[in-house]
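Asks:
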Amino acid sequence: MIGLFLGTLRWDDVTFVEFWRTPDLNNAIAAAAAGLLVLGVVATLILLTVRGWWRPLWRDWLTSLDHKKIGIMYVALALVMFARAVAEANVMRAHQATAALDAGLVAPDHFAELFSTHGTIMIFLVAMPLLTGIMNFVMPLQIGARDVSFPLLNAISLMLTAAAAGLVMVSLVLGHFSTGGWSGYPPYTGADISPGEGPDYWIWALTLSSIGSTLTGMNFAVTLYKRRVQGMHLFRMPLFCWTVLCTSILMIFAMAPLTLATLMLWLDRHAGFHFFTVGSGGDMMNFANLFWLFGHPEVYILILPAFGVWSEVFSTFSGKRLFGYLSLVYATMAIAVLSFTVWLHHFFTMGQSANVNAAFGIATMLIGVPTGVKVYDWLLTMMFGRVRLRVPMLFANYFLVTFLLGGVTGVLLANPTVDYGVHNSLFLVAHFHNMLIPGTLFAMLAAIHLWFPKAFGFRLHEGWGRAVFWLMAPGFLLAFMPLYAMGMMGGMRRTAYFSDPLFRPWLWAAEAGAVLILAGFAALVVQIVVSVRRRDALAVPAGDPWDGRSLEWLGPAPAFEFNFAGEPKVEDVDAFTALKAQGEAYRRQETYEDIEMPRNSAVPVVIGALAGLAAFAMVWQAWATAALAFAGVWAVVIGRSFVRDTERTIPAAEVEAAHRAWLADVAAATPVHRRDELTPENRGLAEEPL
Amino acid sequence: MTPDRILPTCLLFFAVGAPAAAQEQGFLWAAGPVAEAQRAHFVSILWWMAVVTVPLLIGLPLILWRYRLNGGGGRYRRDWGASPLAEVAIWSVPVVVVGFLAWNLWHATLSLDPYRPLGPDPLEVQAIAAEGHFLFLYPDEGIVTVDRLLLDADRTARLKLTSVDVLRSVMVPRLAGQIYAMPGMTTELNLAAFAPGTYAGLNTQYSGPLFPEERFETEALPETNWHARIEATRDGAGPLPPDVLQRIAMGDGAEAYLAADADLFARIAAPSSHGAHR
Ligand code: HEM
Ligand SMILES: [Cu+2]
Ligand SMILES: [Cu+2]
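Top to bottom, those sequences are chains U and D. Note that the working numbering numbers the first sequence so that position 159 is 159, with each residue one more than the last. Basically the working numbering = 1-based index in the second sequence + 1000.
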């Protein structure tokens, strides 16, 4: 009976008990990680209680359906998960660097768990929430909308992602995560070879987060089709919105094969199916096929929003219109389409015919064309501009250079001839980190710097931002250039120890780089704390700290809850620049209207909690608990569909008062020249350019 | 190190390639025709890609300097967002480069197909990848070697690959690229060496805790030595026990066996050998 509710979960599965039974260095590290997590949770709970923050947390954040708050929560979640994943990367590197001298820090299985959690977390719980958060915050503002089309669904996506994060976190304390890498290939992850709960943690974490992402994709695509303000034709959307649109479409179509592949793997593991089991007609190659049918579009889900951010950054900080807008739009769409035609390059080495490999190799290289176009469009955006190397721009230019290297190594890997030699090697690891760190991660850091004032009303401290950059930029080079070399010397990924002493100096360099990146992350935390402390000097209430070009900069910082008091006028791609030039950006409105906004709801939190519980129960084969929780999810969904009163009205008078208060802030601010952008004089009003 | 070896080493390593040069592993230190072709292909791509990367590397610092906010001398044209000429150039140059690269790719991929024999009458070897070890079966010679692949340097070789339990991938980097070895399936890899020597071989695909140990030595011997070596191995070896895999796993395997069992490979590579689990 208890088995039905607790499944296979036993005391011995608790990491601390494991350490108690076998107190070695490996278990000590596992217990320390679990202990840190427990301490962190307890400290947070105490802080919330002591400060009396429970109520505001619940009322203003967790139950809010405001796209801006949901976006911020996504980013916060991603940063917490980043702390864990980057720490894991450091443990892996420290282990590898020391492993030849003695046994190293961790046992081989634990090392495998580390690369599996690191990869899974970085992709699904850092990069995805980061970009989903930024898209959430920025996109509706840029198209002049009040919110996304389905605010409740938006919050549900967030809570499902948070549940996935919770599940991966729990695996630190209860049992073990998968050792099969982020790609989880059977037969290794099958029941015969990995009978424990590990692959199930991986399966259910991915299921939760991929469902969340699919829903996000639908939500954003519909929002972009239906919620654009009058005058915002598709070809007047800021480039970032185009990348959001393409990303959303990719999310809709690409997540499904993943959800299916992992569920089929689960059926193989627990229900006696044979989709991927060798013998009995199953075929493991189909898993690779399905996984990468998701996996390749996924890498473009990760990079397209970054391209969008870079486009905004280059144009804003060059004080100039984006060069080649149409080119960039078509290049983005071309990449989105092509990204579905190349997945086979992840297994050129599976023994298919050379013709097939050549076709997919060429398709892969074709993506190089629109990508190359983008790079030059960005370069030309800076030409004839007034370039200011603020923190986002530092990251952007660093990206341009490192992206060349990533592009060259990508084209190399697209050639089956070369791939045969470096597939599975550290060269590949270097290549994808080359894309993911300067590409995705730095773009998201740039985005945080760019839009932070709009979210919180004050700029981030520039000096500490530069510290973040100057730690992370060399850190990346130090951490990953050696991997290109090691890969070409026959060093393979996922290797717990390299017996060849000649790898030693490279490994230490990589470890040093990992430490620098970790330090960069610490600097980011300091930067946020320092900025909060000095928020008065950094405040930009008039709302336009960077002389912005698109609609999100119209209105105060932080933004109105309802985004815009009236309907902004759009006559150009750079809609806000046009408004400023016509002197219409800061006009008083004749009339104000009531505004309907979605009411807060506890439904997403409850759904997230129940779905997380169901997933956790599935991991431990606690069928009764899982069934109850799953039924609970649907009961809540059905119950909610009977609620009619889901909107709340903000009266015209309140809108008018808020709008007037902002105009008063604008009137009180002195326009600043871009030269003085970083001084306390910058209250968010840009000087009229000559 | 020849000049074209220095180029990729330096270009990609940023740092000096000295430790790498001492290493002499991987396809850049090619010791066989396939690896040599891989290396040449690799270098040619780097040259082609320079067409698109070098202008940016030159242009970026110039533009950053000339158009900087404080004191930059460049003209300010805040609405400059399109230029037909520039757009034609930035689309057509990558198209041309990728066109050439695609042509290059097609030919290299077809001519270096790992399934394609590298010469007449290749030496046939069957490789079984198991946890922690590799078994090499020589059907014509009637022997089995463990973690050591004996090649005749004057003859090309054709490997048939399979794996006992999980996905693995077999490569001798200095001779040729890799191909997956999959349970219940047979794949193929053709190899050849320019000259006698010992070359490291390995599994590249994570397969469990013993993964870092899944390595083997490839010894390419001059023809006469090879024959002598096979003879000597045959004389010194005992019969292949039916539970050879378990024994090797337990650490009491021999270095070589007589292969009385001619279809060991076929049995392991047959899908049915994996049966239905549960
Ligand atoms: C912040 C600095 C980072 C460091 C030092 C780092 C380090 C590592 C290391 C040591 C590995 C294992 C490589 C191996 O298997 O030999 C790895 C794998 C991986 N990393 Fe990172 N990483 C970092 C950031 C990221 C980011 C930002 C992402 C994604 C957004 C990412 C995604 C991955 C993935 C997908 C894997 C593959 C896991 C697998 O083999 O299944 N990493 N990283
Ligand atoms: Cu791909
Ligand atoms: Cu196969």
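For each residue, glycine too, the CB sits at the ideal point set by N, CA and C.
Under 7 Å from any heavy atom of ligand 2, by CB: list those residues in chain order, please.
Replies: U/W292, U/G295, U/H296, U/V299, U/V342, U/W343, U/H345 and U/H346
Asks: Counting only beta-carbon separations shorter than 8 Å, does U/M382 have a partner in chain D?
Replies: yes
Asks: Does the beta carbon of U/H67 sit closer than 8 Å to a beta carbon anywhere in chain D?
Replies: no
Asks: Quick one: what does DSSP say U/I595 is sitting in, helix, strand or coil?
Replies: strand
Asks: Assuming contact is defined by CB atoms lying nearer than 8 Å, are U/G520 and U/V468 in contact in what I supplied?
Replies: In contact: U/G520 and U/V468 (Cβ atoms closer than 8 Å).
Asks: Return yes when the Cβ of U/M597 is within less than 8 Å of the Cβ of U/R648, no when it is not.
Replies: Yes, they are a contact pair.
Asks: Which residues, taken in chain order from the stretch 1153–1169 of chain D, show a beta carbon closer than 8 Å to some beta carbon of chain U?
Replies: D1165, V1166, L1167 and S1169
Asks: Report yes if the C-beta distance between D/A1256 and D/I1143 is below 8 Å; otherwise report no.
Replies: Yes; because the gap between Cβ atoms is below 8 Å, this pair is in contact.
Asks: Under the criterion of a Cβ to heavy atom distance below 7 Å, does U/V244 qualify as lining ligand 1?
Replies: no
Asks: Nearest chain U C-beta to D/H1133 closer than 8 Å, yes or no?
Replies: no
Asks: Beta carbon of U/I437: closer than 7 Å to some heavy atom of ligand 1?
Replies: yes
Asks: How long is the line joining the alpha carbons of U/M618 and U/L250, rounded to whole angstroms?
Replies: C-alpha separation (whole angstroms): 28 Å.
Asks: For chain U, find out if any of its Cβ atoms is closer than 8 Å to the Cβ of D/Y1076; answer yes or no.
Replies: yes
Asks: Report all residues from its chain with a CB closer than 8 Å to the CB of U/L57; omit the five preceding and five following residues, and keep chain order.
Replies: L48
Asks: Which class does D/E1188 belong to by DSSP, given the choice of helix, strand or coil?
Replies: strand
Asks: For D/Y1180, does the count of other Cβ atoms within 10 angstroms reach 16, so buried, or fall short, so exposed?
Replies: buried
Asks: Going by alpha carbons, who is nearest to D/A953 out of D/P1183, D/R1174, D/A1040 and D/G1099?
Replies: Within the shown structure, residues of chain D are numbered from 1001 to 1278, placing residue 953 of chain D beyond reach of any answer.
Asks: Taking 8 Å as the threshold (beta carbon to beta carbon), is D/T1314 in contact with chain U?
Replies: Residue 1314 of chain D cannot be examined here, being either before or after the span of chain D that is shown, 1001 to 1278.
Asks: Which bits of chain U does D/R1362 rub up against, with CB to CB less than 7 Å?
Replies: Residue 1362 of chain D is absent from the structure shown; chain D starts at 1001 and stops at 1278.
Asks: Span of the beta strand (DSSP E) holding D/V1125?
Replies: L1123 to A1130
Asks: Report the neighbours of U/R675 on chain D: residues whose CB is nearer than 9 Å to its CB, in chain order.
Replies: L1069 and N1070
Asks: Once the 5 residues before and after U/V229 are set aside, which same chain residues still bring their CB inside 7 Å of it?
Replies: Within its own chain, the residues whose Cβ lies closer than 7 Å to the Cβ of U/V229, once the five positions on either side in sequence are excluded, are I143, G144, A145, E567, P568 and V570, listed in chain order.
Asks: For the stretch 1191–1202 of chain D, list every residue whose C-beta sits within 8 Å of some C-beta in chain U, in sequence order.
Replies: A1200 and L1202
Asks: Tell me which residues of the stretch 200–213 of chain U have at least one Cβ-Cβ distance to chain D shorter than 8 Å, keeping chain order.
Replies: none
Asks: For U/V86, verify whether its CB is less than 7 Å away from any heavy atom of ligand 1.
Replies: yes
Asks: What number of angstroms, rounded off, separates the C-alpha of U/G181 from the C-alpha of U/A631?
Replies: 31 Å
Asks: If we count the other Cβ atoms within 10 Å of its Cβ and call it buried at 16 or more, is U/K454 buried or exposed?
Replies: buried
Asks: Got a sec: is the Cβ-Cβ distance from D/E1087 to anything in chain U below 8 Å?
Replies: Judged by the 8 Å Cβ criterion, D/E1087 is in contact with chain U.
Asks: Cα separation between U/T247 and U/G217?
Replies: 7 Å
Asks: How would you label U/T670, buried or exposed, when you count the other beta carbons within 10 angstroms and need 16 or more for buried?
Replies: exposed
Asks: Would you decide whether U/V50 is buried or exposed? Buried here means 16 or more other CB atoms lie within 10 Å of its CB.
Replies: exposed
Asks: For D/G1081, decide whether its Cβ has a neighbour in chain U, counting only Cβ atoms nearer than 8 Å.
Replies: yes
Asks: By Cβ distance, which residues of its chain are closer than 7 Å to U/E656, with the 5 residues on each side in sequence left out?
Replies: Y592
Asks: Among D/G1073, D/A1269 and D/L1240, whose alpha-carbon lies nearest the alpha-carbon of D/L1167?
Replies: D/A1269
Asks: Rounding to the nearest angstrom, what Cα-Cα distance links U/T679 and U/K320 in this structure?
Replies: U/T679 and U/K320: Cα-Cα distance of roughly 22 Å.
Asks: Which stretch, first to last residue, makes up the beta strand (DSSP E) that contains D/M1171?
Replies: Residues R1168 to V1172.
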